[in-house]
Each structure stands twice: as structure tokens, then as C-alpha cells.
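The structure appears right after this line, and notes come after that.
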Amino acid sequence: MENWQALCRMPADRIRNMQDRKLRAFIRTQIYPYSPYYQRIFRQHDIDPYSIQTVDDLAKLPFTFKEDVAPTDQEPERHKDFVVRPDETVTERYGHLAKLSMYAGKTVVAERVAEYRPVHIHFTTGRTARPTPFVYSARDLGFIREGGYRLLNVFGLQPQDRVVNAFPYAPHLAFWQTYFAAEAQGSLVLHSGGGKIMGTPNLMDAVETLGATVLVFIPGYAYFFLREAVRQGRDFRHVRLVLFGGERVPPGLKEKVREALGKLGAGHVNVLATYACTESRLAWAECPAEESHGYHTYPDLEIIEAVDPDTGRPVGEGESGEIVYTALDWRGTCVLRYRTGDIAAGGITYRPCPNCGRTVPRISANIQRRSEFREFALTKIKGTLVNLNNFFPLLMGHPDLLEWQVELRKRNDDPYDLDEIYLRVVPRPEVNVESLKADLRERVLRETEVAPTDILLTAMPEMLSRLGMETELKEKRIVDNRPRV
């Protein structure tokens, strides 16, 4: 790994030269010799690994998709082919380990092989397929710690900050990235497990008792948590920073969070977001600014592309495109040219950040995360193909809504009848309900080209139960209750 303080101010041409050098070494000494899946890919497509000289040469490789990695009933261990793992046969046939054995002895080889041994595991959420394991070696855990240090550095955390981590305990990246980040940064942190484990009242007590300055939350639960804190008259005067992960964070939601914290005694609060996916094995951060300038990446640990989602061709700097991830210098589970399915409006920029001055590539913060509700992302409703992800920024950021849920049904519960879409909402008490309904109908129609069948006012206790607030890892914002044929 490069020194972060030097890397994040490095000129763009030097960053690209560094990536070219690392990519050549990674392909030749790790991926081609030790990755069963990519070894097959190189052979099937007649690609010489030594022909990958620069980042631009990655275009010679086909894309990797979620379906290539995810286990199936027919191939339950498919994911293992993506794990970089030298075995005795491979070591005899390829690469630097055989040479190392000759010149340095078996003890040194044993130490090197240990850097590949899986010691930690995360899973994808498994919404659209079986949960897919992604393994880390001991060496990789050093990378996730360093990535966590960089994450908090971009956010502007200080060692004296006191942090409450309210991500739920789970074998998922959000919780563990926060855990390793805190360990690397050295701040005092309560890893609470969130409301599901600790309970919301106890979590509020912890924020007050600790005098927490930083809150780390899933966005939907955070807004519920802060509303409850306001209702109870809690004192969160020390909070200066709220960090979100796991979901998109619309600007309207950031404003509602700041408003709630103001009522709790806090002064100016930065509300910032991360971007990550399990396959990336790290999270990236926004720097503190009133207007987001994108997610700051780590170019010594990954290569990020933006491509046209239809053609797969690279788009220009600043042009909208699908985010494509390539691991760089990792062990454990490694993917190359992985299509995330997430569309960044504004793509990637390589110019220095106008806020913090860092020169690393930045991914636009305006990301439509197909991975949030991918199984519902493109659904036919009333004959129209609807992207249900559009509901998230539309409703989560709406200034007059406290909670919401979208429910899909079939008329008369008949699988062959018309689709229906019901919008359940809990409005702010002072809002004119009829005006709100008219506004929601107009917004939903404009964004999705389909009007809701009905907008149902729902009592808060019922809504929280429907959402699974404090009981689910994430709230159930979109529910498909259409009967299957």
C-alpha cells in the first residue's frame, strides 16, 4: 500500500502510472497463477496476461457479473473460484512461490502462503440470490484497517472523537468496516449493534452518557432514532458528525437529520455518506462540505471505471455511467471488472476535489443504487416498466413525511389481474393531508410514470411494525405482495 497522505495529494499522471505498475504485477503474480476463475477467463478468451500493461488494457477482459460469483443450487461453491489461493500443484507450475522455495527455503514459502489463508468472511445480503461469501486473508485485514483509517480521515474524524456505531451486528461490510476503521483511527467507539440489539432507549442513553460526537447509522433507522430522541427531550449537544452507510442518502434526508439534531441541542452538524458494496471490500467517503463532491477512492487498492450500462463502453470523465470495480493487490476473494449495477450520474472525476484538495479519483455522490432493491428495480406495473429505486430519494427526502412504505399488489389478489401500487405514509402532524396526497401523486407520476392506486395514511406504530424497525437489518421499504403464478 502507498502512504495515504502522499497518495491523496499525488498528481493524476503519477496515480495512473502507479496503477499501471500494480495492475501488471497483480495480474502476472496473483490473478493468473492463483485465481481459478480468471485463469479460465484468460484461456477461454485467448488473453496473454502479459498483454495487460496498463489500466486501459483491462478492456480486453470481459466483465464479471453478480451471477458469475453467486452460488447456485447446481454450483453451491462457485464463489471459491474467485479466491486467490496457491495450492501445491499451482505453486509447482507457476509464479514466484516456486522460485521463492528454491532460493529462500520452505519456511519463507510457508509464511508467504499464510498471507492467502482466509481468516475473515463477509456475505452479500442475498436479496436476489444466495448470500455470497467474500473472504479476507490476514493481509487483507490490514487493507480494510487502512481503508477504514482513510475513510475516517476523509470524513475529518479526530482521535478525541467519541463514536456510537449503530450498524447492526452482521457479517456485512458496513458493520465491520466501521469496526476496523475505529480500530485503526484510535477513537473511543461503542459498537452497539443498533436498536435491534441494544434497544433504542438504551442507545439514546449511550449517546448522552458517552457525549458522542459522531453517530454512524443506517439512514432510515437514524431518522426514526432522532425523532424519538426529540420526542423524549434528549440531549445530543455534542454531536458534530453523522455518517451514513448501507443506503443512498437523499439531500432532503440530510436536511431532516440536521433539523432533528438542532432540536436536540447540537450546533452545526455535517451529515455525510459512504459508498460501498460487498465486492469492493472497502467503503469510500464524502469529505465534509455543504455540497457533496463525491466519494474519494483509494487508487492503490482498486481501479474504478464508469461504463455505458447498455453498451459496456467506457464513458468520459464526468459522464454518467455504471460503476465497475477491479481489485488491486488484494488476496482472498478478488473480482476484476465487476459490474456493480450502480449508476453514477456524473461518473468519475480525476480533478482535485474543490473542497479538500485531494487528488484521488472521485465517484459522483448521485448514485442510483440498483443493489438496494435490485429484485424490484425494473418491475412492470400497469404495463409500464418502473424502476422502484426511484421511490427511495423521492420519499426518504420528502420534507413532509416521517415514514413511508411502498406495497405492490394485484387487484382482487388475482395473479392475472391488474397491478396495484399502494403508498403508505406517516405525515408530519402539521401537514395538510389532501395537499400532501396531491403532491405525492404528482411526484410519483413524474418520477415513475405510474400513479399510485391509493395513498394510505398509516399510524406510526403500525408503520414501524410493517417496516421491521428495530427487528430487521434494514427497513422493508418496498414490499411485493403480488401473488406468484
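Residue numbering for the sequence shown follows our numbering, starting at 140 and increasing by one per position.
Yeah, the Cβ is synthetic: ideal placement off N, Cα and C, and Gly gets one too.
Keep in mind that this is a model prediction, so the values were computed, not measured.
Local Cβ density within 10 Å of residue i, reported as buried at 16 or more and exposed below that
i       : result
His-184 : exposed
Asn-142 : exposed
Glu-546 : buried
Arg-478 : buried
Asn-292 : buried
Asp-447 : exposed
Leu-146 : buried
Gly-372 : exposed
Glu-461 : buried
Gln-213 : exposed
Close-in-space but distant-in-sequence residues of the same chain around residue i (CB under 6 Å, 5 per side omitted)
i       : result
Asn-409 : Leu-380, Pro-427
Tyr-275 : His-259, Gly-471
Tyr-288 : Ala-323, Gln-324
Val-564 : Leu-540, Trp-543
Ala-412 : Phe-383, Val-388, Glu-425
Asp-207 : none
Asn-505 : Ala-484, Gly-485
C-alpha distance - residue i paired with residue j, whole-angstrom precision
i       : j       : result
Arg-605 : Gly-384 : 22 Å
Gly-455 : Glu-611 : 40 Å
Gln-158 : Glu-586 : 40 Å
Val-229 : Ile-170 : Below a pLDDT of 50, predicted positions are generally treated as unreliable, and Val-229, at 49, falls in that range; the measurement from the model is reported next regardless. If you take the alpha carbons of Val-229 and Ile-170, they lie about 12 Å apart.
Asp-195 : Pro-340 : 53 Å
Gly-496 : Asp-558 : 50 Å
Ile-180 : Phe-282 : 26 Å
Arg-224 : Arg-167 : 14 Å
Glu-367 : Ala-422 : 29 Å
Leu-562 : Ile-594 : 5 Å
Arg-232 : Ile-617 : Any reading at Arg-232 must be qualified, since the residue scores a pLDDT of 49, below 50, and its modelled position is unreliable; the value itself is stated next. Rounded to the nearest angstrom, the two C-alpha atoms are 51 Å apart.
Ala-484 : Ser-503 : 6 Å
Val-346 : Val-303 : 7 Å
Arg-623 : Gln-544 : 21 Å
Pro-210 : Val-355 : 31 Å
Glu-430 : Glu-285 : 26 Å
Val-378 : Ala-320 : 19 Å
Ala-598 : Gly-332 : 27 Å
Met-337 : Ala-305 : 9 Å
Leu-349 : Tyr-189 : 55 Å
Asn-82  : Lys-395 : With the chain represented from 140 up to 624, any question about residue 82 goes unanswered, as that position is not in the structure.
Cross-strand partners of residue i (DSSP beta bridge)
i       : result
Asp-619 : Leu-547
Tyr-561 : Glu-546, Asp-593
Gln-213 : DSSP output for Gln-213 lists no bridge partner at all.
Arg-478 : Val-463
Leu-380 : Val-353, Asn-409
Ile-443 : Tyr-464
Asn-142 : Paired residues: none, contrary to the question.
Ala-483 : Gly-460, Ile-506
Pro-225 : Its beta-bridge partners do not exist; DSSP assigns none.
Thr-488 : Arg-501
Phe-273 : His-261
His-435 : Ala-424, Arg-501
Proximal residues to residue i (C-beta, below 8 Å), its chain only, five neighbours per side dropped
i       : result
Glu-511 : Only weak support is given to the placement of Glu-511: the predicted model assigns it a pLDDT of 48, under 50, and the value that follows is read from those uncertain coordinates. Only Glu-386, Arg-387, Asn-528, Phe-531 meet the Cβ criterion.
Arg-621 : Leu-547, Arg-548, Lys-549, Pro-554, Asp-558
Arg-148 : Gly-496, Arg-497, Thr-498
Leu-475 : Ile-170, Tyr-177, Leu-197, Leu-200, Thr-203, Thr-465, Ala-466
Pro-298 : Gln-324, Gly-325, Ser-326
Gly-404 : Asp-374, Phe-375, Arg-376
Thr-488 : Gly-433, Glu-456, Gly-457, Pro-500, Arg-501, Ser-503
Neighbourhood of residue i by C-beta distance below 7 Å, restricted to the same chain and skipping five residues each side
i       : result
Gly-607 : Glu-614, Lys-615
His-261 : Phe-273, Pro-310, His-311, Leu-312, Trp-315, Thr-417
Arg-582 : Leu-533
Residue range of the unbroken beta strand (DSSP E) whose run includes residue i
i       : result
Ser-331 : Element bounds for Ser-331: n/a, residue is neither H nor E.
Phe-364 : Here Phe-364 belongs to no beta strand (DSSP E); instead the alpha helix (DSSP H) covers 358-370.
Phe-262 : 257-262
Trp-423 : 422-424
Val-303 : 301-304
Element boundaries [alpha helix (DSSP H), containing residue i]
i       : result
Gly-391 : 390-402
Ile-283 : 277-294
Ile-180 : 175-183
Thr-413 : Where Thr-413 is concerned, there is no enclosing alpha helix (DSSP H), although the beta strand (DSSP E) it sits in stretches over 409-415.
Arg-155 : 151-165
Pro-532 : 530-535
Val-208 : 205-208
Phe-314 : 312-324
Ala-598 : Run containing Ala-598: none; DSSP gives neither H nor E here.
Glu-586 : 572-587
Min CB distance residue i to chain B below 9 Å
i       : result
Val-222 : Absence of chain B from the displayed structure is noted, only one protein chain being present.
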